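Numbering (my numbering), first residue to last: 3 to 107.
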C-alpha cells in the first residue's frame, strides 16, 4: 500500500468567518493572518515512517458548496461572481506555521 493516503480529519472553515460566524471579515491581500482550526481529537496511531499531510484549499466542491471567494450569497451567485483564490502558508523562522498534535503515551 505504498503512497496510500487516508483522510483522518476534514474540517471546513471559511476564512471570512475565522473570528465570528455572526460577522464575516475579509482577508486583506498580502497581509499575514493567523487562523486556528480545531480538528478535534482522533484515535489514530502514526507508525514509524508514516507522514502527515495537511491540505489547505479554497474549495472542497462537491463535498461542500462552491466557494465564490467573494461576499455574495453562495446560493444565488452567478458564474461571474466566482474568483480565483491564492493561498500562502508561511513556514520560516520569522513566519512559522505549525501543527499541534496530542500524544497519548
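Glycine is no exception: its CB is placed at the ideal position from the N, C-alpha and C atoms.
Because the structure is a prediction, the values reported are computed rather than measured.
Practice prompt. Would you check if the region 64 to 79 and the region 34 to 50 touch, i.e. whether three or more CB-CB distances between them fall below 8 Å?
Written response: no
Practice prompt. Please confirm whether residue 27 and residue 19 have their CB atoms less than 9 Å apart.
Written response: yes
Worksheet entry | Distance, residue 76 Cα to residue 23 Cα | 15 Å
Worksheet item: Tell me which same chain residues have a C-beta within less than 7 Å of the C-beta of residue 72, skipping the five on either side of it?
Response: 83, 85
Worksheet item: Considering only C-alpha positions, which residue in the set 33, 53, 58, 78 is nearest to residue 97?
Response: 33
Fill in: Under 9 Å between C-beta atoms of residue 54 and residue 15
no
Worksheet item: Does DSSP classify residue 87 as helix, strand or coil?
Response: coil
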